[in-house]
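In full-length UniProt numbering, the protein residues as written are 1 to 157.
Where a beta carbon is used, it is the ideal one built from N, C-alpha and C, also for glycine.
Every value quoted in this text rests on a predicted model; they were computed, and no experiment measured them.
Here is the structure we will look at, set down as structure tokens.
Okay, structure coming up:
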């Protein structure tokens, strides 16, 4: 199958979110306790809901829906801006989690679609910039491989 999967000592996981949480729980990217883990999962589910809307646009309604989709971004981003501002620029104050990296990726693909989409959201912009400038991420983003990547299989972005 083409689904993302990983084998951990205790289980074999499939599907992207399960893989992310499985890795996160073993690499200190899943919060410090059950309450934090639940908050991280809840926010990541919201990020995935935004991603589903993006995927529907890209693959099913790009030409007819792009303008309306971009016009609706401020309403979506306002929630995320408020969330990050309240927790000092991360989903869990003082820690980066798998959901932070997933949110970074979501913002990244939206910046390809609408390069100025974060201009009215200074906390989201700073969040994106901080992760993009982490040494290993910055190094990868400077490679030809990253610059030539196709974000979506249909060439629309």
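Spatial distance of residue i from residue j (CA atoms)
i           : j           : result
residue 155 : residue 110 : 14 Å
residue 158 : residue 68  : The structure shown does not extend to residue 158, since the chain spans only 1 to 157, so no value can be given for it.
residue 43  : residue 53  : 16 Å
residue 77  : residue 40  : 17 Å
residue 114 : residue 66  : 10 Å
residue 45  : residue 144 : 32 Å
residue 142 : residue 112 : 16 Å
residue 15  : residue 38  : Confidence at residue 15 is low in this model, with a pLDDT of 49, below 50, so its placement is unreliable and no value can be given for it.
residue 55  : residue 147 : 21 Å
residue 33  : residue 103 : 21 Å
residue 63  : residue 125 : 27 Å
residue 92  : residue 116 : 26 Å
residue 153 : residue 87  : 35 Å
residue 96  : residue 130 : 11 Å
residue 160 : residue 36  : The chain is shown only over 1 to 157; residue 160 falls outside these bounds and no answer can be derived.
residue 132 : residue 50  : 20 Å
residue 70  : residue 60  : 15 Å
Option in the options with minimal Cα separation from residue i
i           : options               : result
residue 48  : 152, 121 and 99       : 99
residue 149 : 108, 118, 122 and 120 : 108
residue 151 : 127, 93 and 105       : 105
residue 31  : 147, 64, 133 and 94   : 94
residue 79  : 140, 57, 121 and 92   : 121
residue 118 : 60, 35 and 75         : 75
residue 101 : 134, 70 and 86        : 134
Those residues which DSSP pairs with residue i across a bridge
i          : result
residue 92 : 95
Nearest-angstrom Cβ-Cβ length linking residue i and residue j, presumed shorter than 8 Å
i          : j           : result
residue 89 : residue 123 : 6 Å
residue 83 : residue 127 : Actually they do not touch by this definition, with Cβ atoms about 10 Å apart.
The ligand SAH heavy atom lying under 8 Å from the CB of residue i
i          : result
residue 64 : Although the ligand SAH was asked about, the structure shown includes no ligands whatsoever.
Problem - Every unbroken beta strand (DSSP E) inside the segment 37-119 [3 residues or more] - result: If we require 3 residues or more, the segment 37-119 turns out to have no beta strand (DSSP E) run fully inside it.
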